[in-house]
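In the numbering used here, the protein residues as written are 897 to 1280.
Ideal Cβ positions, reconstructed from N, Cα and C, are used throughout, including at glycine.
In this text, all values refer to a predicted model and were calculated from it rather than measured experimentally.
Structure follows, in structure tokens:
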């Protein structure tokens, strides 16, 4: 049975079989040292016996190999604290000796070459670590919501109309009908809550036909959504928003310390409850950080979101800040109005270090009110 790089330390003195991609070959006297990468990390192989030394000398970068020999624990070994003293070498595949992508990262490969040879590019440590972090985020999101009584759903991604009234939609050819790629699972989530499931969540791609040449916009991304009923107001939703993120951060620290260290990230699990500011209080909030925000119904700029991070760190020592009760003109038609002042809603954003990462709120569950708000936005209710 194949032994992975992270398992070698526990196999000290045992005969093992390991495999992966060759990352470096170094000759030293009558020995050859080879670093091999597998899905868990890297390990070092030492070739001493003449029959395998000559074979090892012929290895090139990204050759695919299987090695057999004795595992040896050695804290001096940089790659995992253990190595394999090989007695057998099997070459499964030989790579081209002139690769278009430098997987070791010693020289920079241009963007076009990387994406022309994406399979090679994804072998680099940076994208490998990103995918591992993404896996933990998705796994932890599922774990938290499942433990809270939510069930996972899978909603259609080819739709007849958009959730935001038709803006920023990608049209697709769907036989003889007009169709679009889904911007959001919003209406499907609400339908399922109303169908009696009560608590649902989804991790799935969404598509936005908007400018994407900034760090803040993507045409396609994985959206983490949840919806549930029988709430008092948006504060119940904010509680699970913060709770799920705290759980994700906790799992990342537990499972991905190596990957986080690679990116130089010191991840701090948010203290709950996360602080909240109300939109109508923003003029006073901004005064505390020397900024003028005269219109309590005005939109927040990127710079103002950064100022709110400055405020959050100063006042609460928190990287996270909820901005609650967004103006109705800035929220979708299905967002519940704030009853004492309908110019505002029960919709919120969650900012992390001055960047919006979550949008949420209480939805309208009264049919007549929902129709009224759709008409106010100029939507044809027959399309929904």
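Cα-Cα separation between residue i and residue j, rounded to whole angstroms
i            : j            : result
residue 1235 : residue 1004 : 56 Å
residue 1079 : residue 1195 : 22 Å
residue 1085 : residue 1123 : 6 Å
residue 948  : residue 1016 : 27 Å
residue 1232 : residue 1020 : 46 Å
residue 928  : residue 936  : 23 Å
residue 1025 : residue 1054 : 32 Å
residue 1014 : residue 1006 : 12 Å
residue 946  : residue 939  : 21 Å
residue 1115 : residue 1103 : 5 Å
residue 1082 : residue 1212 : 32 Å
residue 1242 : residue 1056 : 28 Å
residue 1201 : residue 1185 : 12 Å
residue 1118 : residue 967  : 41 Å
residue 1287 : residue 907  : Because the chain in this structure spans residues 897 to 1280, residue 1287 falls outside the shown range and cannot be described.
residue 1113 : residue 1107 : 7 Å
residue 1156 : residue 1032 : 12 Å
residue 1180 : residue 1273 : 30 Å
residue 1244 : residue 900  : 45 Å
residue 1187 : residue 1228 : 28 Å
residue 1011 : residue 1191 : 45 Å
residue 1270 : residue 1261 : 13 Å
residue 1066 : residue 903  : 47 Å
residue 969  : residue 921  : 20 Å
residue 1175 : residue 1277 : 29 Å
residue 1002 : residue 993  : 16 Å
residue 973  : residue 913  : 19 Å
residue 1144 : residue 1027 : 15 Å
residue 984  : residue 950  : 12 Å
Cβ distance (whole Å) where residue i is taken to contact residue j below 8 Å
i            : j            : result
residue 1149 : residue 1163 : 6 Å
residue 1098 : residue 1121 : 5 Å
residue 1281 : residue 977  : Outside the displayed range of the chain (897 to 1280) lies residue 1281, so it cannot be described from this structure.
residue 975  : residue 953  : In fact, because the Cβ distance is near 20 Å, the residues do not count as touching under 8 Å.
residue 1142 : residue 1171 : The Cβ separation is near 14 Å, so there is no contact.
residue 1182 : residue 1210 : Incorrect: roughly 12 Å between the Cβ atoms, too far for contact.
residue 931  : residue 943  : Actually they do not touch by this definition, with Cβ atoms about 12 Å apart.
residue 1068 : residue 1077 : 6 Å
residue 881  : residue 919  : In the structure as shown, the chain begins at 897 and stops at 1280. Residue 881 is therefore absent and cannot be evaluated.
For residue i, the three-state DSSP class (helix, strand or coil)
i            : result
residue 1223 : strand
residue 956  : coil
residue 1261 : coil
residue 1118 : strand
residue 1167 : coil
residue 906  : helix
residue 1230 : coil
residue 972  : coil
residue 1105 : coil
residue 930  : strand
residue 1177 : helix
residue 936  : coil
residue 1146 : helix
residue 965  : strand
residue 1198 : helix
residue 1141 : helix
residue 1185 : coil
residue 1242 : coil
residue 925  : coil
residue 1193 : coil
residue 1007 : helix
residue 1217 : strand
residue 1270 : helix
residue 1110 : coil
residue 1094 : coil
Pair within 7 Å by beta-carbon distance, residue i and residue j
i            : j            : result
residue 1089 : residue 1045 : no
residue 1254 : residue 1137 : yes
residue 1257 : residue 1074 : no
residue 1259 : residue 1240 : no
residue 965  : residue 981  : yes
residue 1009 : residue 958  : no
residue 909  : residue 934  : no
residue 986  : residue 962  : yes
residue 1223 : residue 1178 : no
residue 1215 : residue 1248 : yes
residue 1134 : residue 1037 : no
residue 1205 : residue 1160 : no
residue 1105 : residue 1064 : yes
residue 1029 : residue 1152 : yes
residue 1140 : residue 1207 : no
residue 997  : residue 1047 : no
Within-7 Å CB hit, residue i to chain D
i            : result
residue 1195 : Here chain D cannot be found, since the structure has a single protein chain.
Within the stretch 1012 to 1089, note down every full alpha helix (DSSP H) run reaching 4 residues or more, in order along the chain. 1014 to 1017, 1021 to 1043, 1082 to 1088
Note down, one range per segment and in chain order, each beta strand (DSSP E) of at least 3 residues found wholly within the stretch 974 to 1003. 978 to 989
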